[in-house]
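Each remark here refers to the structure printed beneath this line.
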Amino acid sequence: YSFDGRELKRWNVNEKELPIGSKVNFRKVSLWELYKWQIIGAICLLVVQGFFIIGLLRSRSRRIRTEETLQQKNIEINRMAYFDALTGLPNRAHMNKWLLEEMGKVCEGHSGVVLSIDIDDLKMVNDTFGHSYGDALIISAGKRMSSETGRGAVVARIGGDEFIAILPGPREQKSVEKLATRIIEIL
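Numbering-wise, the sequence shown is residues -3 to 183 according to my numbering.
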């Protein structure tokens, strides 16, 4: 049997009530029925693209975290290479690098002062009171020298009880002598 879909709709006849094997012509088709496979395909494509984008974002964030960790490790390595672990002051390697730069300035006509400071009898303090007291003495000496020399100056620990202070720029001999005397007094 063949039926006209428009007439079935007009008479409110449900297609399920028709005899088995009947064919309906001019049936109104919904958008879903017309484009169902295209819609399903588009949804699948969007899901796949979403997973791809999530993967890219995770990969990028992982790369950023790795770069940040690497940068922190490089900072830590640089600190270990150029700064004294006990005092936090520049060490011998840092001072050598800095002195080369300052010597280049001297060749251009600039001047500066280098003070060598040695703490006497540190071995006796370590033997008598223990290394923790000796370490505390070295830390305190480094802080006091740094504060006394002021801004622009660099104080470095170059050995167990040896420090160097570099004062860039022109200085009068009397002011350098006063500074050296004050450093001796505070130690």
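In this text, a Cβ means the ideal position worked out from N, Cα and C, and glycines have one as well.
Because the structure is a prediction, the values reported are computed rather than measured.
Using a 10 Å radius around the Cβ and a threshold of 16 neighbouring Cβ atoms, would you call residue 86 buried or exposed? Taking the sequence shown and counting its residues from 1, the one referred to as residue 86 is at position 90. Residue 86 should be labelled buried.
Length at least 4, wholly inside the segment 54 to 134: the alpha helix (DSSP H) runs in chain order: Listed in chain order, they are 88 to 103 and 118 to 125.
Would residue 80 pass as a contact of residue 153 if the rule is Cβ separation under 7 Å? Residue 80 sits at position 84 when you count from the first residue of the sequence shown. Residue 153 sits at position 157 when you count from the first residue of the sequence shown. Between residue 80 and residue 153, the CB-CB gap stays under 7 Å.
Beta bridge counterpart(s) of residue -2 as assigned by DSSP: Here residue -2 corresponds to residue number 2 of the sequence shown, with the count starting at 1. Residue -2 is bridged to 19.
Mind checking whether residue 22 and residue 6 have CB atoms under 7 Å apart? Here residue 22 refers to the residue found at position 26 of the sequence shown. Here residue 6 refers to the residue found at position 10 of the sequence shown. Against a cut-off of 7 Å, the Cβ pair of residue 6 and residue 22 comes out as no contact.
Would you decide whether residue 145 is buried or exposed? Buried here means 16 or more other CB atoms lie within 10 Å of its CB. As a working note, residue 145 is residue 149 in the sequence shown. Buried.
Along the beta strand (DSSP E) that carries residue 162, what are the first and last residues, could you check? By one-based count along the sequence shown, residue 162 stands at place 166. 158 to 164 is the span of the beta strand (DSSP E), which, as asked, contains residue 162.
With the cut-off set at 7 Å, would you say residue 142 and residue 151 are in Cβ contact? What you label residue 142 is simply residue 146 of the sequence shown in a count that begins at 1. What you label residue 151 is simply residue 155 of the sequence shown in a count that begins at 1. When the beta-carbon positions are compared, residue 142 and residue 151 come within less than 7 Å of each other.
What residue range does the beta strand (DSSP E) around residue 150 cover? Position 154 of the sequence shown, counting from 1, holds the residue named residue 150. 150 to 153 is the span of the beta strand (DSSP E), which, as asked, contains residue 150.
Less than 8 Å between the CB atoms is what I'm expecting for residue 157 and residue 114, so what's the real figure, rounded? Walking along the sequence shown from the start, residue 157 turns up at place 161. Walking along the sequence shown from the start, residue 114 turns up at place 118. Their Cβ separation, rounded to whole angstroms, is 6 Å, which keeps residue 157 and residue 114 in contact under 8 Å.
Quick one: residues in its chain with C-beta nearer than 7 Å to the C-beta of residue 176, no 5 flanking neighbours on either side, listed in chain order? The residue labelled residue 176 in the question sits at position 180 within the sequence shown. By the criterion of a C-beta distance shorter than 7 Å, residue 176 is surrounded in its chain by 111, once the five residues flanking it on both sides are discounted.
From 127, 93, 161 and 4, residue whose alpha carbon lies closest to that of residue 138: Against the sequence shown, residue 138 aligns to sequence position 142. The shortest C-alpha separation from residue 138 is found at 161.
Where residue 147 sits in the DSSP three-state scheme: Counting from 1 along the sequence shown, the entry for residue 147 is found at position 151. Judged by DSSP in its simplified three-state form, residue 147 adopts coil rather than helix or strand.
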